[in-house]
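Peer 1:
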Amino acid sequence: MYSSGPSGLFNAPVTKVLLFGSFAVNLSVSYMIKKGGADKVAQSLGNGIQSFICNQFLYNNLPEMLFGVMFIYSFRLFERVMGSSKYALFYFTTTGISSLIQLAINVLTNSNGKLLKSSPFSFIFSCLVLYYKDVPSTMWFKLFKIPLSDKMITYGLAAQTLLGFPSNINSSLIGVASGVIASSRVLGLPNISLPRGVNSLFSKLFLPLLQSAPPTTSYRSTLERNQRQRQAAMGADNPLYAFQQQLQQLQQQQQQQIIPPTPPSEENIQILENMGFPRSRAIEVLTRTNNNINEAASII
1 MYSSGPSGLF NAPVTKVLLF GSFAVNLSVS YMIKKGGADK VAQSLGNGIQ SFICNQFLYN
61 NLPEMLFGVM FIYSFRLFER VMGSSKYALF YFTTTGISSL IQLAINVLTN SNGKLLKSSP
121 FSFIFSCLVL YYKDVPSTMW FKLFKIPLSD KMITYGLAAQ TLLGFPSNIN SSLIGVASGV
181 IASSRVLGLP NISLPRGVNS LFSKLFLPLL QSAPPTTSYR STLERNQRQR QAAMGADNPL
241 YAFQQQLQQL QQQQQQQIIP PTPPSEENIQ ILENMGFPRS RAIEVLTRTN NNINEAASII
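Residues 1 to 300, numbered by UniProt numbering, are exactly what the sequence shown covers, in order.
Here it is as structure tokens:
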């Protein structure tokens, strides 16, 4: 879908909880259905808090689960950039907003909870709002003279998810609405942070259990070498791309002559380090891009 740094779940404990929670809940429910039937499982879960929590992880079938897990794993980029505490807060905020919207619609339509229910796709489509707003396009192309970007692949998969699993259309659209509300600066929600005491408590109790080992240096070197080889191959096969790269370098040189370069900020260096890249590589790319974090993330 898009590059989100090194593979694995390094610096992504919240994503790890969402992924392993999905596997655990779906396997447990499948086992319970096999032993006692769907009606007995529905009676066991009821309409209480246990049903609400399970619905945040529960998929209707295996293909639906594969799509959902793929999106959640790819969106670990946001956790690495935002930090786990901010990402967890975004999860709880969007889940709460989605639940309130669903409750309001159910009450207004007098559906008694039968029309709408929570699903993992509410949060997934909330993250798509972040993807639309915060992830820059790295490649543009034309299809039937229509300009498109590499982000269209992700949007196409999201559309396929909606069309392929129509039972989730309502919760997905509500997820988009909650994502817009949660990321809107009008309400000031993006500026809210978890209290330091809560952060410290979770860091001491749960982070050691959830944190993954960092990728090896050899893997990082291989990743960077492969990226450079792909860029070189793209330039060799596409003269226009090579010309654009030369033009961009010339413009950067002219700007550097006019404007003194901005040194890499510690905040931007930390963001790239959280994504799993070495500090030396982060400083090098930020220096090259005049401390532009979006450009640096695209290059690295």
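All C-beta atoms, glycine included, are put in the ideal place defined by N, C-alpha and C.
(1) Am I right that residue 79 and residue 73 are in contact with their C-beta atoms under 8 Å? What's the rounded C-beta distance?
(2) Does DSSP put residue 103 in a helix, a strand or coil?
(3) Spatial neighbours of residue 177 within its chain, please: CB distance less than 7 Å, with the 5 preceding and 5 following residues excluded, ordered by chain position.
(4) Below 7 Å CB to CB, which residues in the same chain sit around residue 279 once its five sequence neighbours on both sides are set aside?
(5) Short of 7 Å in beta carbon distance, which residues of its chain neighbour residue 197, apart from the five on each side in sequence? Order them along the chain.
(6) Taking C-alpha atoms, which residue in 182, 159, 17 lies nearest to residue 96?
(7) Does the beta-carbon of residue 64 have 16 or more other beta-carbons within 10 angstroms, so that it is buried, or is it exposed?
(8) Residues in the same chain with beta-carbon distance under 7 Å from residue 190, minus the five sequence neighbours each way, listed in chain order, please.
(9) To which residues of the same chain is residue 218 closer than 7 Å at the C-beta, ignoring the five residues directly before and after it?
(10) Check the DSSP bridge columns for residue 149 and list the partner residues they point to.
(11) Any contact of the segment 164-177 with the segment 132-152, i.e. 3+ C-beta pairs under 8 Å?
(12) Could you check the C-alpha separation between residue 55 and residue 70 for me, to the nearest Å?
(13) Tell me whether residue 91 is buried or exposed, calling it buried when 16 or more other Cβ atoms sit within 10 Å of its Cβ.
(14) Give the secondary structure of residue 12 by DSSP, where H, G and I count as helix, E and B as strand, and everything else as coil.
(15) Residue 162: which of 263, 119, 193, 286 sits nearest, CA to CA?
(16) Got a sec, what are the start and stop residues for the alpha helix (DSSP H) residue 179 sits in?
(17) Decide if residue 59 is buried, meaning its Cβ has at least 16 other Cβ atoms within 10 Å, or exposed.
(18) What is the rounded straight-line gap between the Cα of residue 137 and the Cα of residue 266?
(19) Looking only at its chain, what residues have a beta carbon closer than 7 Å to the beta carbon of residue 174, apart from the 5 residues adjacent to it on each side?
(20) May I have the straight-line CA-CA distance separating residue 85 from residue 194, to the nearest angstrom?
(21) Please determine, among 8, 172, 51, the residue with the shortest C-alpha to C-alpha distance to residue 129.
(22) Can you give me the Cβ contacts of residue 76 inside the same chain, cut-off strictly under 7 Å, excluding the 5 residues immediately before and after it?
(23) With a cut-off of 8 Å on the beta carbons, I'd call residue 294 and residue 262 a contact; round off their distance for me.
(24) Which value, in whole angstroms, describes the spacing of the CA atoms of residue 37 and residue 68?
(25) Alpha carbon to alpha carbon, how far is residue 93 from residue 271?
(26) The alpha helix (DSSP H) spanning residue 274 covers which residue range?
Peer 2: The relevant details are as follows:
(1) Here residue 79 is taken as the residue at index 79 of the sequence shown, counted from 1. Here residue 73 is taken as the residue at index 73 of the sequence shown, counted from 1. About 11 Å; that fails the 8 Å criterion.
(2) In the sequence shown, residue 103 corresponds to position 103, counting from 1. In the structure shown, residue 103 sits in a helix (DSSP, three-state: H, G or I).
(3) Taking the first residue of the sequence shown as 1, we reach residue 177 at position 177. Correct list, in chain order: 101.
(4) Translated into the one-based positions of the sequence shown, residue 279 becomes position 279. Same-chain partners within the cutoff: 269, 273.
(5) Against the sequence shown, residue 197 aligns to sequence position 197. Same-chain partners within the cutoff: there are none.
(6) Position 96 of the sequence shown, counting from 1, holds the residue named residue 96. Of the candidates 182, 159, 17, the one whose C-alpha sits nearest the C-alpha of residue 96 is 182.
(7) Position 64 of the sequence shown, counted from the start, is the residue given in the question as residue 64. With 16 or more other Cβ atoms within 10 Å, it is buried.
(8) Along the sequence shown, one-based indexing puts residue 190 at 190. The answer, listed in chain order, is 183.
(9) Sequence index remark: in the sequence shown, residue 218 carries index 218 (1-based). Residue placement at residue 218 is flagged as unreliable, the pLDDT there being 49, under the threshold of 50; the coordinate-derived value follows with that caveat. If we look at residue 218 and ignore the five residues flanking it on each side, it has no Cβ neighbours.
(10) By one-based count along the sequence shown, residue 149 stands at place 149. Paired residues: 140.
(11) no
(12) Numbered from its first residue, the sequence shown carries residue 55 at position 55. Numbered from its first residue, the sequence shown carries residue 70 at position 70. Whole-angstrom Cα-Cα distance: 18 Å.
(13) Taking the sequence shown and counting its residues from 1, the one referred to as residue 91 is at position 91. When all chains shown are included, residue 91 counts as buried.
(14) If you number the sequence shown from 1, residue 12 lands on position 12. Three-state result, residue 12: coil.
(15) Within the sequence shown, the letter at position 162 stands for residue 162. Ranking the options by Cα distance to residue 162, first place goes to 119.
(16) Mapped onto the sequence shown, residue 179 falls at position 179. 169-183 is the extent of the alpha helix (DSSP H) around residue 179.
(17) Sequence index remark: in the sequence shown, residue 59 carries index 59 (1-based). When all chains shown are included, residue 59 counts as buried.
(18) Numbered from its first residue, the sequence shown carries residue 137 at position 137. Numbered from its first residue, the sequence shown carries residue 266 at position 266. One C-alpha to the other measures close to 25 Å.
(19) Here residue 174 refers to the residue found at position 174 when the sequence shown is read from its first residue. Answer for residue 174: 98, 101, 102, 122, listed in chain order.
(20) On the sequence shown, position 85 is the one that residue 85 refers to. On the sequence shown, position 194 is the one that residue 194 refers to. Computed Cα separation, rounded: 7 Å.
(21) Residue 129 sits at position 129 when you count from the first residue of the sequence shown. Selected option, being the one with the closest Cα: 172.
(22) Start at 1 with the first residue of the sequence shown, and residue 76 comes out as number 76. Only 4, 9, 12, 15 meet the Cβ criterion.
(23) By one-based count along the sequence shown, residue 294 stands at place 294. By one-based count along the sequence shown, residue 262 stands at place 262. In fact, because the Cβ distance is near 14 Å, the residues do not count as touching under 8 Å.
(24) The residue you call residue 37 lines up with position 37 of the sequence shown. The residue you call residue 68 lines up with position 68 of the sequence shown. Going from the Cα of residue 37 to the Cα of residue 68 covers about 25 Å.
(25) Sequence index remark: in the sequence shown, residue 93 carries index 93 (1-based). Sequence index remark: in the sequence shown, residue 271 carries index 271 (1-based). Their Cα atoms are separated by approximately 23 Å.
(26) In the sequence shown, the residue the question calls residue 274 occupies position 274. Start and end: 266-274.
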